[in-house]
Amino acid sequence: SQTIHQWPATLVQPVGSPLSLECTVEGTSNPNLYWYRQAAGRGLQLLFYSVGIGQISSEVPQNLSASRPQDRQFILSSKKLLLSDSGFYLCAWAADREQYFGPGTRLTVT
Amino acid sequence: DAKTTQPPSMDCAEGRAANLPCNHSTISGNEYVYWYRQIHSQGPQYIIHGLKNNETNEMASLIITEDRKSSTLILPHATLRDTAVYYCIVRPAPGSGAGSYQLTFGKGTKLSVIP
């Protein structure tokens with residue numbers, strides 16, 4: 005069966021520091037991968053999606069970037085975090101008609 | 004922007020059916036209706052989806068009106084573990100383009116199941 009991993013589960017970072025969140029998927033090949041962010045009290049916002057290695061589409065202009073160095077690995081990065089980057093970051097993968105979400109990373113920028 | 008409208012919150016007594024409405028009056032012919040739920044501090048969980056016909060699975064039933072402008076998610080016997088935010092989402096048919104798997108989440112309905 006397919007499994008999606010995200011780490012770390014929680015993270016507290018100062019403003020201006022870099023960020024790297026990792027997501028890996030097991031049990032499937034060539035999945036579509038997604039990064040979402042959920043700010044406190046708000047719905048999920050799609051940030052990036054990828055249909056293959058090295059292929060990244062950005063939905064929202066921001067100081068975040070994404071990379072897909074391997075088929076089942078999706079990385080969310082930032083060179084300098086802002087306070088507004090705080091939130092719950094979710095990685096997801098898609099197969100057929102459903103999208104499956106990882107456990108999420110709760111990021112607090114202080 | 005989400006293409007759906009849902010009430011912000013609902014209460015349901017434990018053991019009773021929970022009926023969650025969703026309006027999607029601008030839905031187009033090839034768009035599906037999907038339902039997800041998110042339990043506090045967890046990732047969203049897929050529940051059910053449909054195009055025209057009513058659907059049922061082990062978790063819920065989905066009733067879509069004939070004009071497809073609205074739908075209702077039914078949890079037949081709500082339990083305390085069903086307390087969550089429920090999202091109704093309209094999306095293109097999978098495989099219709101690179102972005103066809105995108106899910107646009109609104110604010111959903113916060114369902115509280117009361118003992």
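Chains as they are written, first to last, in the working numbering: chain A, 5 to 114; chain B, 4 to 118. Positions of the beta carbon are idealized from the N, C-alpha and C atoms, including for glycine. Just so we're clear, the structure is a prediction, and the values are computed from it rather than from any experiment.
Excluding sequence positions up to five away, which residues of its chain have a Cβ less than 6 Å from the Cβ of residue i?
i, result
"C15/B", "A21, A81 and V116"
"P118/B", "E17"
"K113/B", "S12 and V88"
"T112/A", "V16 and S90"
"I42/B", "A87"
"R110/A", "T14 and F92"
"G53/B", "V36, L65 and I67"
By alpha-carbon positions, which one of the options ends up nearest to residue i?
i, options, result
"Q66/A", "F52/A, D75/A, R72/A and F78/A", "F52/A"
"Y37/B", "A87/B, M13/B and E58/B", "E58/B"
"G46/B", "T112/A, G91/A and K84/A", "G91/A"
"Q42/A", "G32/B, I66/B and G109/B", "G109/B"
"S64/B", "P79/B, I30/B, D70/B and K55/B", "P79/B"
"I77/B", "D70/B, T86/B, I66/B and L83/B", "I66/B"
"T160/B", "A96/B, G111/B and K72/B", "With chain B running from 4 to 118 in the structure shown, residue 160/B is simply not present."
"F78/A", "I60/A, S88/A, L87/A and L111/A", "I60/A"
"S24/A", "A70/A, T114/A and S88/A", "A70/A"
"D85/B", "D70/B, Q105/B, E69/B and M62/B", "M62/B"
"S31/B", "I51/B, N60/B and D70/B", "D70/B"
The beta strand (DSSP E) with residue i in it runs from where to where?
i, result
"T112/A", "T109 to V113"
"Q42/A", "N36 to Q42"
"F92/A", "G91 to A99"
"A20/B", "A20/B -> no beta strand (DSSP E), and no H or E assigned at all."
"S54/A", "L48 to G56"
"Q74/A", "L68 to Q74"
"E26/A", "L23 to E30"
"H9/A", "T7 to W11"
"I79/A", "Q77 to S82"
"R94/B", "A87 to P95"
"L15/A", "T14 to Q17"
"F108/B", "Note, F108/B: premise wrong, no beta strand (DSSP E); not H, not E."
"S62/A", "Q59 to S62"
"Q103/A", "E102 to F105"
"L114/B", "T112 to I117"
Excluding the 5 residues flanking residue i on each side, which residues of the same chain have their C-beta closer than 8 Å to its C-beta?
i, result
"I57/A", "R72, P73, Q74 and D75"
"W97/A", "Q6, I8, V29, T32, P35, N36, L37, Y38, Q103 and Y104"
"G106/A", "I8, H9, Q10, C27, L94, C95 and A96"
"P22/A", "S81, S82, K83, K84 and L85"
Looking only at its chain, what residues have a beta carbon closer than 7 Å to the beta carbon of residue i, apart from the 5 residues adjacent to it on each side?
i, result
"T7/B", "C25, N26, H27, C91, I92, V93 and G109"
"G111/B", "Q9, V88, Y89 and Y90"
"Y49/B", "Y39"
"V64/A", "Q49 and L51"
"P122/A", "Given a span of 5 to 114 for chain A in the structure shown, any question on residue 122/A remains unanswerable."
According to a CB-to-CB cut-off of less than 9 Å, which residues of the segment 41–58 of chain B neighbour chain A? Taking 9 Å as the Cβ-Cβ cut-off against chain A, the residues of the segment 41–58 of chain B that qualify are Q41, S44, Q45, G46, P47, Q48, Y49 and H52.
For the segment 35–51 of chain A, which residues have a CB atom closer than 9 Å to at least one CB atom of chain B, in sequence order? Near chain B, meaning a CB-to-CB distance below 9 Å, the residues of the segment 35–51 of chain A are N36, Y38, Y40, Q42, G45, R46, G47, L48, Q49 and L50.
Give me the subset of the segment 78–107 of chain A whose CB atoms are less than 8 Å from a CB atom of chain B, sorted by chain position. So the list reads F92, L94, A96, A98, D100, R101, E102, Q103, Y104, F105, G106 and P107, given in the order they occur along the chain.
Taking only runs that begin and end inside the segment 39–79 of chain B, name each unbroken beta strand (DSSP E) of 3 or more residues, in chain order. Here the runs fully enclosed are 48–53, 64–67 and 73–78.
Residues in the segment 8–23 of chain B with C-beta within 9 Å of chain A's C-beta atoms, listed in sequence order? Going along the segment 8–23 of chain B in chain order, one finds no residue with a Cβ nearer than 9 Å to chain A.
Short of 8 Å Cβ to Cβ, which residues in the segment 80–96 of chain B face chain E? No chain E appears in the structure shown, which is made up of the protein chains A and B.
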